[in-house]
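Numbering (the working numbering), first residue to last: 674 to 1014. We put the CB at the ideal spot given by N, CA and C, even for glycine. Model, not experiment: these values are computed from the prediction. Input: a single structure, listed below in structure tokens.
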């Protein structure tokens, strides 16, 4: 597998710091003095990341304003953190990754709907935003030459096996006939995966760009696999109350317009890159060099991916129940279906 376009270690490190230095659009601070729940205001929980580019692009291009929607953005550390806020009507919308904890909450009676998708893996081994990076020494001496050779080895995953990264890992392991049960998973934040690979405490990891590119450039690891085209572990969730709200369709229509501004091949316009740089406090050159996810123009929810996630996490005993939930009762595709354009 040929290595993708590489970034400097310095650039990746700068990006990690930039994620903690976001502007008001990301922090949720409202300089106008507005408050959550006001007429026309939609309270959105999100993880500040270019992965959720449609949200930021739609906001910057005025699409929410056109629909009479004012955003109140609240940053989250993980999608799981936002689940109770969504179920308690502290949030109207959550744009984040799915998790085993989310499924456990649904099974326990917590109510919300998955109404849309977010980043879709392009499946390009040379330009994927997520990759299974294997320590270079293991590749060089032939210890690991294919996915099956990772059986019993330790792999670093942000959030652990029950997080979105765990599902993406499972999708890559499946290519070699392995499951999450066949490897040891170490819960490592993405910035911590490079030093763990360097000191040998993990044999492989699943960093996202630009951290993956930094790891490759430093000669620490190389990609052995990427998630197949169409794989996704993130999406858009509505609270049960917001599903019937006046602003629900307008919000989704605006969000989809943001997705339609994004290129299908992941290479964005300078305007889009500038929006993401300004909103997220990231270096525009780092963004341009980083592989990006693609997005469906209508952001339709991907029920098949939710089915696959649930099966993976039941098998890995990350989900506390054994009888699968009916995904049809969780998904509401009507907003995507009613989106114009």
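- Here residue 897 really is in contact with residue 820; their C-beta atoms are around 6 Å apart, less than 8 Å.
- Checking the DSSP bridge columns, you'll see residue 967 partnered with 793.
- The alpha-carbon of residue 889 is positioned some 10 Å away from that of residue 883.
- Selection 747, 1007, 802 and 878 evaluated against residue 921 yields 1007 as nearest (Cα-Cα).
- Looking at the DSSP output, residue 716 shares a beta bridge with 745.
- Residue pairing by DSSP places residue 786 opposite 911 in a beta bridge.
- Residue 828 sits in a strand when the DSSP states are folded into three classes.
- Rounded to the nearest whole angstrom, the C-alpha separation of residue 719 and residue 777 is 20 Å.
- Look at residue 766 here: in three-state DSSP terms it is strand.
- With 16 or more neighbouring CB atoms inside 10 Å of its own CB, residue 869 falls in the buried class.
- Residue pairing by DSSP puts residue 858 in a beta bridge opposite 828.
- Along the length of the region 886-933, whole beta strand (DSSP E) runs at least 3 residues long occupy 894-898 and 907-912, reported in chain order.
- Of the residues assessed, residue 936 falls on the exposed side of the cut-off, its CB having fewer than 16 other CB atoms within 10 angstroms.
- Residue 810 holds the alpha-carbon nearest to the alpha-carbon of residue 893 among 810, 795 and 995.
- Each residue's CA atom was taken as its position, placing residue 954 and residue 960 some 11 Å apart.
- The region 828-836 and the region 933-947 do not touch, with fewer than three beta-carbon pairs separated by less than 8 Å.
- Counting along the chain, residue 756 sits inside the alpha helix (DSSP H) bounded by residues 752-760.
- The C-beta distance from residue 974 to residue 788 rounds to 6 Å, short enough to fall under 8 Å.
- Excluding residues up to 5 positions away in sequence, 787, 974 and 976 lie with their Cβ nearer than 6 Å to the Cβ of residue 1004 in the same chain.
- Counted as a single uninterrupted DSSP element, the beta strand (DSSP E) harbouring residue 807 occupies residues 805-808.
- Assigned with DSSP and collapsed to three states, residue 882 falls in coil, not helix or strand.
- The DSSP-derived three-state label of residue 877 is strand.
- In summary, residue 816 is exposed, with fewer than 16 beta-carbon neighbours lying within 10 Å of its beta-carbon over all protein chains present.
- Here residue 731 has 737, 927, 928, 930 and 931 as same chain residues with Cβ atoms under 7 Å from its own Cβ, once five neighbours each way along the sequence are excluded.
- In the DSSP assignment, the residues bridged to residue 1004 are 787.
- By the C-beta criterion, the region 898-909 is judged not to be in contact with the region 855-865, since fewer than 3 inter-stretch pairs fall below 8 Å.
- Per DSSP, residue 987 is one residue of the alpha helix (DSSP H) stretching across 976-988.
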